Every structure is written in C-alpha cells, then in structure tokens.
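**Student:** If you're matching positions, the sequence shown starts at 176 in full-length UniProt numbering and goes up one per residue.
Here a beta-carbon is modelled for each residue, glycine too, at the ideal position from N, C-alpha and C.
Note that the structure is predicted; figures quoted are calculated from it, not measured.
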Amino acid sequence: QRFFASRSELAGKTVIVTAGGTVERLDPVRFLTNDSSGKMGFAFAEAAANRGADVTLIAGRTTAPPIDGVKLVRVESAEQMLHAVLERYDAADLVIKAAAVADYRPVEQAPTKIKKSEEKLVLELERTTDILKTLGERKTHQFLVGFAAETERVAEYAMSKLVRKNCDLLVANDVSREGAGFNVDTNVVQLYGKEGLLESLPQLPKREVAERVLERIVQRMRDKAA
Ligand code: CTP
Ligand code: CA
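1. Who are S375's beta bridge partners in DSSP?
2. Answer yes or no: do K188 and L269 have a C-beta to C-beta separation smaller than 8 Å?
3. Mind checking whether I233 and V260 have CB atoms under 8 Å apart?
4. Starting from G321, follow the beta strand (DSSP E) in both directions and report where the run begins and ends.
5. Counting C-beta neighbours from all protein chains within 10 Å, is the total for V204 16 or more, i.e. buried, or is it exposed?
6. Using C-beta distances below 7 Å, list every residue in its chain close to V346, excluding the 5 sequence neighbours before and after it, in chain order.
7. Check whether the stretch 284-296 touches the stretch 321-338, counting contact only when three or more Cβ pairs, one atom from each stretch, lie closer than 8 Å.
8. At a cut-off of 7 Å, is D349 close to ligand 4 when judged by its beta-carbon and the heavy atoms of the ligand?
9. Would you call the stretch 302-309 in contact with the stretch 245-261, where contact means no fewer than 3 C-beta pairs closer than 8 Å?
10. Pull up the DSSP beta-bridge partners for K246, would you.
11. How is the alpha helix (DSSP H) around T309 delimited, first residue to last?
12. Is any non-hydrogen atom of ligand 2 found closer than 7 Å to the C-beta of D210, if you look at the structure I gave you?
13. Restricting to Cα atoms, I'd like to know which of E251, D360, K214 and Q394 is closest to T208.
14. Please work out which residues of its chain come closer than 6 Å, Cβ to Cβ, to K340, disregarding the five sequence neighbours upstream and downstream, and give them in chain order.
15. Between the beta-carbon of P380 and the beta-carbon of D360, is there less than 8 Å?
16. What is the rounded straight-line gap between the Cα of residue 148 and the Cα of T326?
17. Go through its chain and collect everything with a Cβ distance to S375's Cβ below 7 Å, but skip five positions before and after it.
18. Just curious, the alpha helix (DSSP H) that N225 is in, first and last residue?
Structure below.
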C-alpha cells in the first residue's frame, strides 16, 4: 500500500464523484450493465478526500470497498444517478463523472420475472439521459470533469465530448489498450482542455492517475477563480 500524504488544497470544497456501472433492469432478477469496476472513480474520491474536500461518491455497480471519510450514495439506474447528482449539484464546486453510464435502457421493466416463450426475444431499448451533458448545460460555478472511454480515434472523440458536454477537463482512456480502462488496477489516460491535449500520462495505478489528474484539476480551478 502506497502512502499518500494528506494535503489541504481542496479544503472547504464540495466534490461529487460518480463511479461504477449503472444497472438497467429488465425484470426483478435481470439487468443490463457493463464491465466497469468503479475503481477509477473510487480512487478519485479517495484522492479528493485526502486533499480536504467534502466528498460524496455516487456509485452504481462496483467491486470497490467503501472509503473512510467519503459519503457513499448507492444507485442503480442512469435515471437514479441523474437525480442523485442533480440534487447535490448546486452545492458542488467540482464534479468528477467517472461512472460508466448505460446509454440505453429497456423500454419496459417487467414487474414480474419474464417467462421464456419464443425461440427469439427482441429487447427494445431507449436512450438514457446524458447526465454529464445535463450538468454541462446547467453549469454555473462548478468545475466539470468528464471521461471518455474509446477504442479508436481517441483525441477526436475526446475533444468532441469535451465541447458537446461543456466540460472543463476531459480524461480520455483507450480501453482497448492493455492496462487501461475497465476492470484493471492501472490506467493510461490523456487529459484534454478546451485548448486541446494537455497531458499524456504513462500507465499508472488508478490511485496514482487520480493524484496526477487532481493536481491538474486543482491548478485549473485556481486559474478559473483568478
Ligand atoms: N455519460 C453520462 N450519461 C450518459 C452517458 C455518458 O453522464 N447517459 C458520461 C460518462 O460518465 C462520461 C462521459 O459521459 O463521463 C462520456 O461517456 P462515454 O460513454 O465515453 O460517451 P458517450 O457520450 O456516451 O458516447 P459513446 O458511448 O457513444 O462514445
Ligand atoms: Ca456511452
């Protein structure tokens, strides 16, 4: 276990971190989800708390254990995550949207277990609300950090997400690379700002990635306030 000295750069700041995969139910015993472990988001929450912030972690499905000193709010669906974040948005100084939010959910949720019948079953899905985009539209004073999980054309997609969702910083990761993305303990990320690529980090443990990204966030929050 690496030792991270506690610091106070985020003392007095309220931080929201979302983490993990959302769960979109089909019926009481079945759901759609993704491979997110939540580790990246949990690492951010821990690193922010370590810098003196008041941190609320809004988590979907994860394998990561709760963190001392961080308020944990459990949610299932994208819709529940949206409401949990919006409720706390006005009071937040910094929002880090590391969650892997489902893009689609079943149009219908059966109240009882779906029984098998035909040889083929077609599921009808509808788009979920884009939480990050909603936050971007409603942004007043908050510093908004988005993520982009890509397997190709990383820079191009990352910049378009940053602009479309009105983020202050975007953390891109190429999830097709070994040692990056879902369900591993390390990540390889690039940081983008409005002006383009800011920094390319090497492969690092997620906790270390969180430290390096938070350093950049703190610096940019200061610049923004100045
Ligand atoms: N996001 C969100 N709400 C959604 C979908 C995504 O808040 N319904 C957020 C994620 O938490 C992440 C960012 O948007 O911070 C980018 O997610 P990503 O899946 O990479 O991008 P999408 O905009 O969903 O585009 P696509 O999946 O088509 O690449
Ligand atoms: Ca998506």
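**Tutor:** So, from the data block:
1. Q365
2. yes
3. yes
4. F318 to E325
5. exposed
6. V320, F322, V364, L366 and V388
7. no
8. Judged by which ligands are present, ligand 4 is missing from the structure shown, whose ligands are ligand 1 and ligand 2.
9. yes
10. T231
11. I306 to E312
12. no
13. E251
14. L307, K308, G311 and G321
15. yes
16. The structure shown does not extend to residue 148, since the chain is modelled only from 176 to 401, so the question has no answer here.
17. Q365
18. K214 to N225
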